[in-house]
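*Asks:* Starting off with a structure, shown below.
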Ligand SMILES: Nc1nc2c(ncn2[C@@H]2O[C@H](COP(=O)(O)OP(=O)(O)OP(=O)(O)O)[C@@H](O)[C@H]2O)c(=O)[nH]1
Ligand SMILES: [Mg+2]
């Protein structure tokens, strides 16, 4: 019985996600589902990315949190459209929440939509939002063993951002082990090593993202 209930939940989510995907396709919009543990640097990466791209790419953001508008306020200060979703306890965003939030964004004016998921390496991986790309952040402070412990999110992700590389000398984080582990699980993943604190590596990430936006826009 429990299994059937869960299947129903995933099935309903899949249908809504397809509706979102079609909406993004119709508007020529690249939608990113940004996932990571609490504190890995999702909001910091959004702020840095917006600052780098906002003169060239029209960006909108959906902020997902269990509670508060802290992150939405930080991003709003950059002068772009932002919608806050408070899940009220749920540990992830789902496609229906995104569908509702999209009513409050000027979709025809946007080229890139960044969705900050709830901080968690487990539940967000289970729910398709209709996104064009999944991007996962791992920060140096969390340790290089996380892909082995939370394989689904690292196996599915299109890009992995390794954040907080400014802390490399202060921890036992092994970049080679991390790269080898992730590439064994997910050989096509794009890996970016950067620091939202110092700015190192951000140009390369932003350039890749802008290329993805242009690619989606040029699709017939
Ligand atoms: N040293 C260092 N600190 C960073 C870096 N990026 C972010 N931080 C800090 O890490 C903390 C958490 O960053 P956030 O961007 O709020 O992380 P988040 O993933 O959005 O967190 P939640 O939304 O709570 O899940 C903040 O104090 C940031 O200033 C980095 O590259 N290096
Ligand atoms: Mg955040």
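Residue numbers (our numbering): 91 to 310. Every residue gets a Cβ at the ideal spot worked out from N, C-alpha and C, and that includes glycine.
Quick test of the definition: if touching needs 3 or more C-beta pairs under 8 Å, does the stretch 95-106 touch the stretch 192-207?
*Replies:* Contact between the stretch 95-106 and the stretch 192-207 is absent, because fewer than three Cβ pairs lie under 8 Å.
*Asks:* Of the residues 219, 304, 115, which one's Cα is nearest the Cα of residue 207?
*Replies:* That would be 219, whose Cα lies nearest to the Cα of residue 207.
*Asks:* Compute the Euclidean distance between the alpha carbons of residue 211 and residue 148, then round it to the nearest angstrom.
*Replies:* So the alpha carbons of these two residues sit roughly 28 Å apart.
*Asks:* Considering only heavy atoms of ligand 1, list every residue whose Cβ is less than 6 Å from one of them, following chain order.
*Replies:* Residues with a Cβ closer than 6 Å to any heavy atom of ligand 1, in chain order: 126, 128, 129, 130, 131, 132, 133, 134, 161, 209, 253, 254, 256, 257, 285, 286, 287.
*Asks:* Between the stretch 236-247 and the stretch 165-176, do three or more beta carbon pairs fall short of 8 Å?
*Replies:* The stretch 236-247 is not in contact with the stretch 165-176.
*Asks:* Got a sec: is the Cβ-Cβ distance from residue 262 to anything in chain C below 8 Å?
*Replies:* Absent from the structure: chain C. Only one protein chain is present.
*Asks:* Compare the beta carbon distance of residue 300 and residue 146 with 8 Å and say whether it is the shorter of the two.
*Replies:* Yes, they are a contact pair.
*Asks:* Measuring only the C-alpha atoms, how far is residue 174 from residue 152?
*Replies:* Approximately 6 Å, taken between the alpha carbons.
*Asks:* Exposed or buried, which one is residue 125 when buried takes at least 16 other CB atoms within 10 Å?
*Replies:* Buried is the call here.
*Asks:* Excluding the 5 residues flanking residue 197 on each side, which residues of the same chain have their C-beta closer than 6 Å to its C-beta?
*Replies:* 117, listed in sequence order.
*Asks:* Below 8 Å, can you find three or more Cβ-Cβ pairs linking the stretch 130-147 to the stretch 233-240?
*Replies:* Too few Cβ pairs lie closer than 8 Å, so no.
*Asks:* Grab the span of the alpha helix (DSSP H) containing residue 294 for me, first residue to last.
*Replies:* Run containing residue 294: 292-307, per the alpha helix (DSSP H) assignment.
*Asks:* Can you give me the start and stop residues for the alpha helix (DSSP H) that residue 161 sits inside?
*Replies:* First-last of the alpha helix (DSSP H) with residue 161: 160-166.
*Asks:* Report yes or no: do the stretch 253-264 and the stretch 286-305 share at least 3 C-beta pairs separated by less than 8 Å?
*Replies:* With a cut-off of 8 Å, the stretch 286-305 and the stretch 253-264 count as touching, because enough Cβ pairs lie within range.
*Asks:* Quick check on the burial criterion: 16 or more other C-beta atoms within 10 angstroms. Buried or exposed for residue 224?
*Replies:* Flag for residue 224 reads buried.
*Asks:* Can you tell me which of 298, 182, 263 puts its alpha carbon nearest to the alpha carbon of residue 228?
*Replies:* Minimum Cα distance to residue 228 is reached at 263.
*Asks:* Does ligand 2 have even one heavy atom less than 7 Å from the beta-carbon of residue 206?
*Replies:* Answer for residue 206: yes, Cβ within range of ligand 2.
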